[in-house]
Structures are given as C-alpha cells and as structure tokens.
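A quick write-up on the structure given underneath.
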Amino acid sequence: MMGWNRLKWFFPMLILAGAILVFILRSSVNDYILSIICFAGINIILAVSLNLTNGFTGLFSLGHPAFMAVGGYVAAILTFPVTRKAMLLPALPSWLAAQQWSLLPALILGGLCATLAAFLIGFPVLRLKGHYLAVATLGFLIILQVLITNLESFTRGPLGLNGLPLLTNLWWVYLWVVITIYVCWKVKHSSLGRSMLAIRENEMAAECLGIPLSRTRIMAFALGAFFAGVAGCLWAHLVTAITPTSFSVIMAFHLVVMVVVGGSGSITGATIAALMLTSVVEILSPLEENLGAYGISEIIISIGLLLILIYRPRGIFGTQEPAFLVKQRQRVSGEVGRSLSYQNGKGGTS
Amino acid sequence: MKRGLFGIFTILAIVGCFAIASLAAEPIKLGALYNLTGGMSSIDAPALNGAKLKAKLINEAGGLLGGRMLEVIGINTKTDQKATAIGAKKALAMGVVAGLGYGDTTFVMASAPLFQRKGVPFVTSGATHPEIPKWVGDCMFMTPFGDDDQSFAIADYTYNKLKARKVVVWTDNSMDFTKALSKFFKQRFTELGGKLILEDFFMMGDKDFSAQIARLKAASPKADAVFISAIPNEAGLTVKQIREAGLTLPIVSGDGFDTELVTTVPGPRLANDVYFSTHTYREDTRPEVVAFIKAYEKEYGRPPENAFAPLGFDAVGLIADAIKRAGTTEKSALRKALAATRGYKAVTGEISYTRPSGVPMKAVSIIGVKNAKYKVLDTWFPKQ
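This is the structure we're talking about:
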C-alpha cells in the first residue's frame, strides 16, 4: 500500500518537474539547443508509440514514417497561411485554400488521418507476420512517398511545402510527450496491454485464452499511428518544411533502433534511447567540425549500438520498466510474462 | 528515472558549454551548411572545399575589415532535413554574420527561411530554382543562374545555331530540378517557333533507355535534336545508348550534363555532337578560373571535382565582397550590400543582382563535345 501511495504522487510530481524544466529551458538556452530538445521530444513520442506495435505486440512495422507523413502533410496543408497557399498551391480546391487552422486542431486531425490510414492498411497487412509485415509496411511507406510526389495540386510534388509557420515549441512537444507516455503506460498496464504482450509471446496460446488477435493488433497499430501522425505534425512545424523524402526508410530504421536499444516493450527504455540517440549526435558534432572528419559521429554511434546489442541483446531494459516505477502487483504480472516467454523456449535474461 | 534525469542535465550542460564556448570567439563567422555525408555529398563536399579555400585566400591576404579573419564553419547536415533545420539554428546561435550552402533546392528551403526570420543573409552556392528568393524573402541570394536561364540559353542555341526546328524532350521525372529544366526549355523553344514532336520520361537510376530510343527513332516527322533533362549518372548512359543505336542527331541539355561521364561513358568515338548549357567555368580561360583551379589543386592535391566547388568559392566571395563594401558585419547593412552587388567577378561568371526576382544576371556557357573534347562554343547573356 505504501508503494501505491508513493507512485500516486510520483507521476504528477514528475510531470510538474518536467514543466518547470521546460519553463527554465525556454527562458535560458538558445534556439539551437531548444530545437535539439524539441527533436528529442518528438523522437520520444515516436519511439514510445512505435513500441506499441514493435515492442508490445511484436509486430515488426517499418511504416511509422508513413504515418508521420500523413499527419504532417494533413496538418501542413491546414495550417499553411492562406496568402502563401495562393502563391504556392494555386490548384488547391477553394474550400481547402480558405482554411488556416491553429496548431492543436491540425495536430489532432493529422493524428486521426494517420489512424484512419493505419486502419485501412491494417486489415490486409496485419495478417502477415515477421519479415513479411516489415516488407509490407515498408512498401506502404514507399507507395505513400510516390503518391505524395505525384499529388502535385495538394503537395507540390518533390519540392514539398515550405515556409510553414513555426508553431511547434517546447510546450507543445512536452504536452504530447506526456500524453504519449501516459497513454502507452496505461495501455501497457491494462488488460489490452497484457493481451498485446501475450500475442507477442505466443499467438496461439493467446488466441486459446480468448484474446481477439486481429482486433488487438489493429488497436496497437492504429494507436501507434495516431501518435506518429501527431509527431509528424510537430516535426513539420518545427522544420517548417515538408517534402516526400522528409520521412524516409532511414528514419524508420532509426526509430526501430531506438525501440530495440531501449528494450522492446519498455516505455522507459524507448524514452531514454530516444533521448540518448538524439543528443549523442549533437554532442559529437563539434568533434566532426573541429577534426574535419565528417561522418565520424555515425561510425561512433554504430559501434555503440553494436556493443549494446552484443552485451544486452534484449535492450537496456528488456520488456520491464525500472522496478521503482512499477506497482508491486504489476511487477508480478511482468514476472508471469517473463516465465511465459521462458516456457516458449525464447528464454530471457533481463 | 532519477538517473535518467541526471543524464539529461549532464547532456544539456555539455551542449550548453559548447554553445557558450563558440560565442566567445573573435573572427567573422560564416555558417556553411552542407550535406557532407549521405546522397548529396558528392555535390556538397566540393562546394565546402571551395568555400574554405576562398576564406583561406582572403585570410592570407590580410582578412577583412582591418585584419579580422574569416572563419567558415562547416556544418554537416547529413542529407537529412531535420539535421538541416538544427544546423541552421546552430549556425544562427553561433552568431554567424551570413549563411551559405547547398546544391539542392530542398535543403535550401529547409534552412534559408530560418535565416530569413532572423534577418541574416543566406547565399546558396548551388541551388538553381529561379523562384527560391521569392519563396524565402529578401535575405536569400543565389550564386548560380536560375534554371530558366540555362534552359533558355540552350533552347536559343538549339534553335539559332543548330538550326533545329523539331525536338524530342526526355525528362527525368523523379526530380524537381529536371522537371523544371524541361518545362523552361519547352516554353522557350516553342516561343521561338520550334516544335515539340515527342515527350518521353524516365526515372533516376534507369539503366536501359532502349524503349525511349525506339520511340525517338520512330518519331515522325524526324527530330532535329533531342533535349535530355538528366543528372550526371543518366547523362553518360543516354549519350552512349543513343549513339550506339546509330542515331547521330544533336543531344542538348543543361548543367546536369556538366560532368566527365558525358565523355568517359560513351568513349571518344561516340561522344559527339553533345551540347549543354552550364556555369561559365569548364574550359574557360578567364584569369579568375585559372587562378581558382591552381589554388584548388595546391590546397587539396586534385583538380576541382565539379562546378559546385567554384560555386562554393564564389558564395564566400560574394559575402566577403559585401562585407568589404558595407564596412561592417551588421546583418541589415550586409544584406543591403549583398543586394547591391554589381559586376562581381566570380569564378563562375560576373554576378549582378539587378532583377526584381533576386536571381543573378549571369552569363551561361554553351559547351560542345566533339570526339570526347569539351569546347566553349558560345556565351549567352540574359536579356533582363
């Protein structure tokens, strides 16, 4: 009971501490560092939401950037100033050309469009498993890129939309980081989350227990897509430009790396891996500039990733959350999950 | 989680230290944003070399504004738009007096608007879309000519000098640059009274052009020339395959053909009757060009890789010239001085910003290839 009370206050305090930190940062550091922190936040949203599919449910999806692109483009078209639309997108239907939304509704609509896209492709694609699913989601990403490239009256083709209003700031990113982590945390520790973990460990056993396979998978996929869509909007309004190649296959791999390094299924792990990977690149960049050895940061990071995968093949945290964050009851359920995977022959040392 | 937070603070502290350390320095700083790794590196890396070379030459001659050194800070943006936006903010946070960079419109559009917002001038060394200054604003300056000028130049040459009346146009449909080039060529050529008899398309990375060649052969009435809007990789291949198919009609193009591949891939026997418009640099004998090539070879031990190297050199030259005339590095005075550039003798031709569009008035060279030898045949000047 003690632990429960402690936790009840721990999370609100953490959120408050984060908010104070955001306030201090915004008034003390320069634009450059603020933008790095914003991108780190966006990466947290992406990694944690990708964890829903890749980590919890064991669906290896590479389609996250595609949902970002859907969300990003929808929001970008909606928030684009009317005067600029007239100049850059003359072929836009007049009802769309007259719209100029503020960030929040655009974010939510962008996220919902991404969710819709996830539903549409989820039904056929989620019948596939393992490598096949990875290839199918990759295919979706490429098809979407081609579509955006050729839908010139809405997207301006390969040139993309540029000069978007700079609406994303650290408050918005922080808000969505908190929402994403909160929702994913709740999902993980609910019956839905347990169903997801069960499906990952042993599909047949899960089905025998009465877990609706396809519904649970689509839930995971669509929920992940919503946050990816939101992150895409935040991204577009931070870079202030969006093109068909903004959200690439390389990005998909970076996100998967964050999930794998953090530990498939661990929200804390994904958060920390996202923070680490984003900041290490920037910390190493003065090294590149002073030595003139451009590309060395990529090499150092790759070696680091190899080492992590060799010495901690299940990632930093495995499927678990750090012990002091989890209620006693939940920890027990984690143990059950682990013993289930043990019986399954996959084994685990975390 | 506490440990996590501690980690975050440590990271922030380190990043903060770097930023503060860099603010304390003395010289005149220019932020050079280039994709030094990734897909664009073959275009952007030579440009940064050119830019650094110009800064070195200026410093050796005593610097600017009474002995202040010019420092070109190369920032690698990894052919990634996120890194581009971060790089631009980083340059601005370092207090650069001007930015320069990029050989591609996409990356200019992800960085230049951030400079515009702060009122700091940005000079692109290689992006050629003629509407960039209109999209970004009055802080945006271009070193190269616009795509419209190079297309008009080769269209004029094809019509007036090659006496072609009927053309076939091939376009790489995967890039905005190649699409724009074709658009402006068709516009000018039909305005002159020529006729477009067939349009064909391909994609970047295509290796086999036999289908397009078959249609080119079968075209009736017979084509007098073929315009190929391509980037270097496809430039060599298309010339080779068209000549191998026994077609001898002139092949014309823009600066995508300004590459050794046009002669090395087809070989000396087949590399004939190719004409392209490009920066006044290749095979040019003006003293600026000769001096640049000599300095580049001395500094890097190899000849300049492509025309982006002198363009990077010129971008720094333009900014240095403006600083000299402004007598200060204050951003709005510097912007005004840049906009007032008239007849700056750059390696890639004289630059004047006299047009309302912000695209420089700049000569375009027409280069012909005979038996794998490049020769400057004509120099084209924009009318207004």
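Top to bottom, those sequences are chains A and B.
Reminder that position 96 of the first sequence reads as 1001 in the working numbering, one-by-one numbering, no gaps.
Reminder that position 175 of the second sequence reads as 1356 in the working numbering, one-by-one numbering, no gaps.
Beta carbons: idealized from backbone N, C-alpha and C, even for Gly.
Given the structure is predicted, the values throughout are model-derived calculations rather than measurements.
Find the nearest neighbour of residue i within the set the options, judged by alpha-carbon distance.
i: B:Ala1308; options: B:Pro1302, B:Leu1428, B:Val1289 and B:Gly1300; result: B:Val1289
i: A:Glu1187; options: A:Val1144, A:Phe1229 and A:Ile1206; result: A:Ile1206
i: B:Arg1523; options: B:Thr1265, B:Lys1543 and B:Lys1210; result: B:Lys1543
i: B:Thr1459; options: B:Pro1325, B:Glu1241, B:Pro1294 and B:Thr1419; result: B:Pro1325
i: B:Asp1330; options: B:Glu1312, B:Gly1482 and B:Pro1431; result: B:Glu1312
i: A:Leu957; options: A:Ile1123, A:Leu1214 and A:Thr1148; result: A:Ile1123
i: A:Leu926; options: A:Leu1080, A:Ala1023 and A:Asn948; result: A:Leu1080
i: B:Asp1225; options: A:Ala991, A:Gly1129 and A:Tyr1199; result: A:Tyr1199
i: B:Ala1527; options: B:Asn1341, B:Gly1493, B:Lys1475 and B:Ile1547; result: B:Gly1493
i: A:Phe965; options: A:Leu1038, A:Ile947, A:Phe915 and A:Glu1108; result: A:Leu1038
i: A:Leu919; options: A:Gly1129, A:Val1083 and A:Tyr937; result: A:Val1083
i: B:Gly1437; options: B:Ala1507, B:Phe1382 and B:Asp1353; result: B:Asp1353
i: A:Leu939; options: A:Gly1209, A:Val1164, A:Leu1211 and A:Leu1143; result: A:Leu1143
i: B:Arg1396; options: B:Glu1380, B:Ala1411, B:Pro1314 and B:Leu1430; result: B:Glu1380
i: B:Lys1270; options: B:Gly1247, B:Ala1213, B:Lys1376 and B:Lys1475; result: B:Ala1213
i: B:Gln1262; options: B:Tyr1215, B:Phe1457, B:Ala1416 and B:Ile1547; result: B:Tyr1215
i: A:Trp891; options: A:Leu1009, A:Ile1213, A:Phe1152 and A:Phe1024; result: Outside the shown range of chain A, which is 906 to 1255, sits residue 891 of chain A, and nothing can be said about it.
i: B:Arg1483; options: B:Gly1231, B:Ala1553, B:Arg1346 and B:Gly1417; result: B:Gly1231
i: B:Leu1430; options: B:Glu1441, B:Ala1416 and B:Asp1405; result: B:Asp1405
i: A:Leu1212; options: A:Val1165, A:Trp914 and A:Phe928; result: A:Val1165
i: A:Met1156; options: A:Met973, A:Pro917 and A:Leu930; result: A:Met973
Mapping the DSSP letters down to three states, classify residue i as helix, strand or coil.
i: A:Met1181; result: helix
i: B:Asp1559; result: strand
i: A:Ser1169; result: coil
i: B:His1310; result: coil
i: A:His1094; result: coil
i: B:Lys1543; result: coil
i: B:Leu1571; result: This structure cannot speak to residue 1571 of chain B, because chain B is shown only from 1182 to 1565.
i: B:Gly1255; result: strand
i: B:Thr1429; result: coil
i: A:Phe915; result: helix
i: B:Tyr1534; result: coil
i: B:Ala1553; result: coil
i: A:Ile1208; result: helix
i: A:Ala922; result: helix
i: A:Asn1067; result: strand
i: A:Gly1250; result: Only weak support is given to the placement of A:Gly1250: the predicted model assigns it a pLDDT of 42, under 50, and the value that follows is read from those uncertain coordinates. Here A:Gly1250 sits in coil by DSSP.
By Cβ distance below 7 Å, which residues in the same chain neighbour residue i in space, the five residues on each side in sequence not counted?
i: B:Ser1332; result: Leu1362, Phe1365, Phe1366, Arg1369 and Gly1435
i: B:Val1304; result: Ala1279, Leu1281, Phe1322, Thr1324, Ala1496, Leu1499 and Ile1500
i: A:Ser1119; result: Leu1031
i: A:Gly1068; result: Arg989 and Thr1145
i: B:Tyr1462; result: Val1470, Ala1488, Pro1491, Val1528 and Thr1529
Quick one: residues in its chain with C-beta nearer than 8 Å to the C-beta of residue i, no 5 flanking neighbours on either side, listed in chain order?
i: A:Ile1201; result: Leu1189, Leu1192 and Glu1193
i: B:Thr1218; result: Asn1257, Lys1259 and Thr1260
i: B:Asn1240; result: Met1250 and Leu1251
i: B:Pro1402; result: Lys1347 and Ile1378
i: A:Gly1167; result: Ala952, Asn956, Thr1173, Gly1174, Ala1175, Thr1176, Ile1177, Ala1178, Ala1179, Gly1220, Ile1221 and Phe1222
Taking Cβ-Cβ distances shorter than 7 Å, what residues in chain B pair up with residue i?
i: A:Ala1146; result: Gln1262, Met1290 and Ala1291
i: A:Ser1151; result: Gln1262
Which same chain residues, not among the five before or five after residue i, have their C-beta less than 6 Å away from its C-beta?
i: A:Ser1058; result: Ala996
i: A:Phe1132; result: Ile950, Ser954 and Thr1085
i: B:Ser1203; result: Unreliable positioning characterises B:Ser1203 in this predicted model, as indicated by a pLDDT of 46, which lies under 50. The coordinate reading is nonetheless provided below. The residues are Met1275.
i: A:Asn948; result: Ala1179 and Thr1183
i: B:Gly1568; result: Here chain B has residues from 1182 to 1565 only, and residue 1568 of chain B is not among them.
Cβ closer than 8 Å: which chain A residues qualify as neighbours of residue i?
i: B:Met1356; result: Pro1063
i: B:Thr1286; result: Leu1064
i: B:Pro1294; result: Asn1067, Gly1068, Thr1145 and Ala1146
i: B:Leu1217; result: Tyr1199 and Gly1200
i: B:Leu1273; result: Asp936 and Tyr937
i: B:Ile1532; result: By Cβ distance, chain A contributes nothing, its closest Cβ being about 25 Å from B:Ile1532, past 8 Å.
i: B:Ile1254; result: Glu1194
Below 7 Å on C-beta distance, what does residue i contact in chain A?
i: B:Lys1270; result: Asp936, Tyr937 and Ser940
i: B:Trp1316; result: Asn1067 and Gly1068
Starting from the beta carbon of residue i, find every residue of chain A whose beta carbon is closer than 9 Å, and list them in chain order.
i: B:Asn1257; result: Ser1190, Glu1193, Glu1194, Tyr1199, Gly1200 and Ser1202
So with Cβ pairs under 8 Å, would you call residue i a contact of chain D?
i: B:Pro1537; result: Among the protein chains in the structure shown, which are A and B, there is no chain D.
Determine the chain B residues that contact residue i at a beta-carbon separation under 8 Å, and present them in chain order.
i: A:Ser1171; result: None at all; the shortest Cβ gap to chain B is about 12 Å.
Run through chain B and tell me which residues come within less than 9 Å of residue i, C-beta to C-beta.
i: A:Phe944; result: Lys1263, Ala1266 and Ile1267
Just list the beta strand (DSSP E) runs in the stretch 1281–1311 of chain B, keeping only unbroken ones of 3 residues or longer that don't cross its boundaries, in chain order. The qualifying runs are 1303–1305.
Counting only runs that start and end within the stretch 991–1015 of chain A, where is the alpha helix (DSSP H) found for 4 or more residues in a row? Listed in chain order, they are 999–1002.
My parser needs the alpha helix (DSSP H) runs of 4 or more residues fully inside the stretch 1462–1519 of chain B; what are they? Entirely contained in the stretch 1462–1519 of chain B, the alpha helix (DSSP H) runs reaching 4 residues are, in chain order, 1468–1481 and 1489–1507.
Going along the chain, which unbroken runs of the alpha helix (DSSP H) with 4 or more residues stay wholly within the stretch 1117–1164 of chain A? Fully enclosed alpha helix (DSSP H) runs of 4 or longer: 1118–1144.
Runs of alpha helix (DSSP H) wholly within the stretch 1397–1429 of chain B (minimum 4 residues, chain order): If only uninterrupted alpha helix (DSSP H) runs of at least 4 residues are considered, those enclosed by the stretch 1397–1429 of chain B are 1413–1425.
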